[in-house]
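Residue numbers (the numbering used here): 31 to 334. Here a beta-carbon is modelled for each residue, glycine too, at the ideal position from N, C-alpha and C. Since we're looking at a predicted model, the values are computed, not measured.
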Amino acid sequence: MNNDSLVTMMFDNVLLQTEEYFPSYVYRLMQFANFMGARNFLDLLKMSSARQIGETLPRWAVVLATQNYGAEKFTQILDNNLLGRYWRSFIEESELDQFVAQQRSKRATGRVLFNAEKILLPFQSIKLCPACFDESVQAYGVGVWNAQHQAATSFVCHKHQQVLLQRPVSQFSGFEFSQSFFDRDAYVTPNISLFHRWLDFEILRIYELGVEAHRDEVKLHKRVFMESSFYSHKPCSTSVNLNKQWRLSLSKYLAILYPHMKNEAERISSNTGLQASAIMNVESSVHPLLYLLFKFFYLHEFKP
Ligand SMILES: [Zn+2]
Numbered sequence: 031m032n033n034d035s036l037v038t039m040m041f042d043n044v045l046l047q048t049e050e051y052f053p054s055y056v057y058r059l060m061q062f063a064n065f066m067g068a069r070n071f072l073d074l075l076k077m078s079s080a081r082q083i084g085e086t087l088p089r090w091a092v093v094l095a096t097q098n099y100g101a102e103k104f105t106q107i108l109d110n111n112l113l114g115r116y117w118r119s120f121i122e123e124s125e126l127d128q129f130v131a132q133q134r135s136k137r138a139t140g141r142v143l144f145n146a147e148k149i150l151l152p153f154q155s156i157k158l159c160p161a162c163f164d165e166s167v168q169a170y171g172v173g174v175w176n177a178q179h180q181a182a183t184s185f186v187c188h189k190h191q192q193v194l195l196q197r198p199v200s201q202f203s204g205f206e207f208s209q210s211f212f213d214r215d216a217y218v219t220p221n222i223s224l225f226h227r228w229l230d231f232e233i234l235r236i237y238e239l240g241v242e243a244h245r246d247e248v249k250l251h252k253r254v255f256m257e258s259s260f261y262s263h264k265p266c267s268t269s270v271n272l273n274k275q276w277r278l279s280l281s282k283y284l285a286i287l288y289p290h291m292k293n294e295a296e297r298i299s300s301n302t303g304l305q306a307s308a309i310m311n312v313e314s315s316v317h318p319l320l321y322l323l324f325k326f327f328y329l330h331e332f333k334p
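Shown next as structure tokens:
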């Protein structure tokens, strides 16, 4: 059996479920192909490096989804299995198309879709609703990790009104073969605050509005509030004041959202990639978590 038919056989035997998170599906494929070592498995799927999971649209996912489901079904996979319905409204369609084309070509490197996501990756967790897990075991015979739950701003399963269990992506060391991905005991229940719930509410709004309408809202918001006369991209006392207040608030927000990572929250919030000027650019895309935190800051905390 050649490599291509081996891959086809795996995809035919282990079916991707409608709302399954794509990286967790790869772990299921690995489980199926446990007769081969991790390195061989990754080579077979042409996943050259064991990248950290949790990136928005990594090259391996673009290549794998295109190869096995075809270009027509790609958007469907993007929306259902890679959280496209969540993040597509934060980026122009043309910018996304260009990114996908680059990821498909061999020239692509370790680019990420949103500039800030590499900086924010340490805060990213894989999340699990035990009730959804049990339901998927009953329905499909396997535990399925729900894609929508993996949004950076998702903390609650709205179907079951349960706080999502979390496990930092840093614990998975990419796709090195590990059965422990499926170890439910390794997940912890976080204490969530009203602030977590507000972010969750904002996500539901995004889903309710739909990609197009929410994209218009993000643009409107940037035009009216975030690129206003209050702020100049040139260095001036207003920008210095804004950046200073924003840095302190961002550190506070991250510490509330991720209480187990207080030190990182302070360190990362001074990263230049997260500065107000990087967010307040009407022309460029913005990471969903940063956008929502900045929106909260601008509307409720900023003192010009
Ligand atoms: Zn659930």
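Practice problem: Look up Cys162 in the DSSP assignment and say whether it is helix, strand or coil. | Solution: The three-state reading of DSSP puts Cys162 in helix, counting H, G and I together.
Quiz prompt | Glu102 to Ser314 span [Cα, whole Å] | solution = Using only the alpha carbons, I get a separation of about 27 Å.
Quiz prompt | Beta carbon of Gly84 nearer than 8 Å to that of Val193 | solution = Against a cut-off of 8 Å, the Cβ pair of Val193 and Gly84 comes out as no contact.
Quiz item: DSSP on Asn273, reduced to helix/strand/coil?
Solution: In this structure, DSSP gives Asn273 a helical state, which the three-state scheme calls helix.
Self-check item: Terminal residues of the beta strand (DSSP E) in which Leu195 lies
Solution: Element bounds for Leu195: Leu195 to Pro198.
Quiz prompt | Cβ-Cβ distance between Gln178 and Leu113 below 8 Å | solution = In this structure, Leu113 lies closer than 8 Å to Gln178 by Cβ.
Quiz item: Per DSSP, which one or two residues make a beta bridge with Ser37?
Solution: For the sequence presented, residue 37 should be read as Val rather than Ser. Looking at the DSSP assignment, Val37 forms no beta bridge with any residue, so it has no partner.
Practice problem: Report the partner residues of Val241 according to the DSSP bridge assignment. | Solution: Val241 pairs with nothing; no bridge assigned.
Self-check item: Ala161 Cβ short of 7 Å to ligand 1 heavy atom set
Solution: True, at least one ligand heavy atom lies under 7 Å from that Cβ.
Quiz item: So is the beta-carbon of Lys282 under 7 Å away from any non-hydrogen atom of ligand 1?
Solution: No; taking the cut-off as 7 Å, the Cβ of Lys282 has no heavy atom of ligand 1 nearer than that.
Practice problem: Return the chain-ordered ranges of every beta strand (DSSP E) run that is complete within the stretch 45-131 and spans a minimum of 3 residues. | Solution: As far as the stretch 45-131 is concerned, it has no whole beta strand (DSSP E) run of at least 3 residues.
Self-check item: Residues near Lys157 in its chain [Cβ-Cβ closer than 7 Å; skip 5 each side]
Solution: For Lys157, where only same-chain residues beyond five positions count, the Cβ hits under 7 Å are His179, Gln180, Ser184, Leu194, Leu195 and Gln196.
Practice problem: Can you say whether Asn110 is buried or exposed, counting buried as having 16 or more other CB atoms within 10 angstroms of its CB? | Solution: Answer is buried; the Cβ neighbour count reaches 16.
Quiz item: Hey, Val92 and Gln133 are a contact pair by Cβ (cut 8 Å); roughly how many whole angstroms apart?
Solution: Right, their Cβ atoms sit about 4 Å apart.
Practice problem: Output the distance between the C-alpha atoms of Val316 and Asn32, rounded to the nearest integer angstrom. | Solution: Each residue's Cα considered, the two are about 43 Å apart.
Exercise. Measure the CB-CB distance between Leu277 and Ser300 and report whether it falls below 8 Å.
Key: In the sequence as displayed, the identity of residue 277 is Arg instead of Leu. Ser300 sits close to Arg277, with the two beta carbons spaced by under 8 Å.
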